[in-house]
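Letter by letter, the sequence shown follows residues 1 to 97 in our numbering.
Worksheet: the structure to be examined is printed underneath.
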Amino acid sequence: MGVDHDTSEEEEIDMIKTFTQPIVKVLGELFSREDKISIPPYKGKSTDKMMTKWLQTVEHVARNHNWDDTQKLRFFSDRLKGEVLDWHEEYASEQGD
Numbered sequence: 001m002g003v004d005h006d007t008s009e010e011e012e013i014d015m016i017k018t019f020t021q022p023i024v025k026v027l028g029e030l031f032s033r034e035d036k037i038s039i040p041p042y043k044g045k046s047t048d049k050m051m052t053k054w055l056q057t058v059e060h061v062a063r064n065h066n067w068d069d070t071q072k073l074r075f076f077s078d079r080l081k082g083e084v085l086d087w088h089e090e091y092a093s094e095q096g097d
């Protein structure tokens, strides 16, 4: 910046953070949406053998993006449909989540 010679370096850094943090947040959300899109929806049953294949696929996506368990739960559960979604919601409410 350097325009205002009375501004300290620390103040300049704070100003930069103030302007860049919202941009970084929005970019992170955009990438998160894109990552979520790369997870295929799962419409089967909670006991379906295809669920094992789906879980392997989504775990691979999660490893590639270095997602922690909280992120995995959020992104994975967003892709559940039908009976398995009903099962997940019931399970989550029983667990208090």
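Note that CB positions come from ideal geometry on N, CA and C, so glycine has one too.
7 Å CB neighbourhood of residue i in its chain, flanking five on each side removed
{"i": "SER38", "result": "VAL61"}
{"i": "TYR42", "result": "MET51, TRP54, ARG79, LEU80, LYS81 and VAL84"}
Those residues which DSSP pairs with residue i across a bridge
{"i": "TYR91", "result": "Its beta-bridge partners do not exist; DSSP assigns none."}
{"i": "LEU85", "result": "Bridge partners of LEU85: none, in fact."}
{"i": "LEU55", "result": "The partner list for LEU55 (beta bridge, DSSP) is empty, contrary to what the question assumes."}
{"i": "LEU80", "result": "TYR42"}
Inter-residue spacing [alpha-carbon to alpha-carbon] between residue i and residue j
{"i": "GLY44", "j": "GLN21", "result": "40 Å"}
{"i": "LYS53", "j": "PRO40", "result": "11 Å"}
{"i": "ASP48", "j": "ILE23", "result": "42 Å"}
Classification of residue i by the beta-carbon crowding that lies within 10 angstroms, buried from 16 upward
{"i": "MET1", "result": "Any reading at MET1 needs caution, since the residue's pLDDT is 48, under 50, leaving its predicted position unreliable; the model's value is listed next. Result: exposed."}
{"i": "PHE19", "result": "exposed"}
{"i": "VAL58", "result": "buried"}
Any non-hydrogen atom of the ligand COA within 7 Å of residue i CB
{"i": "GLN56", "result": "With respect to the ligand COA, the structure shown offers nothing to examine, as it has no ligands at all."}
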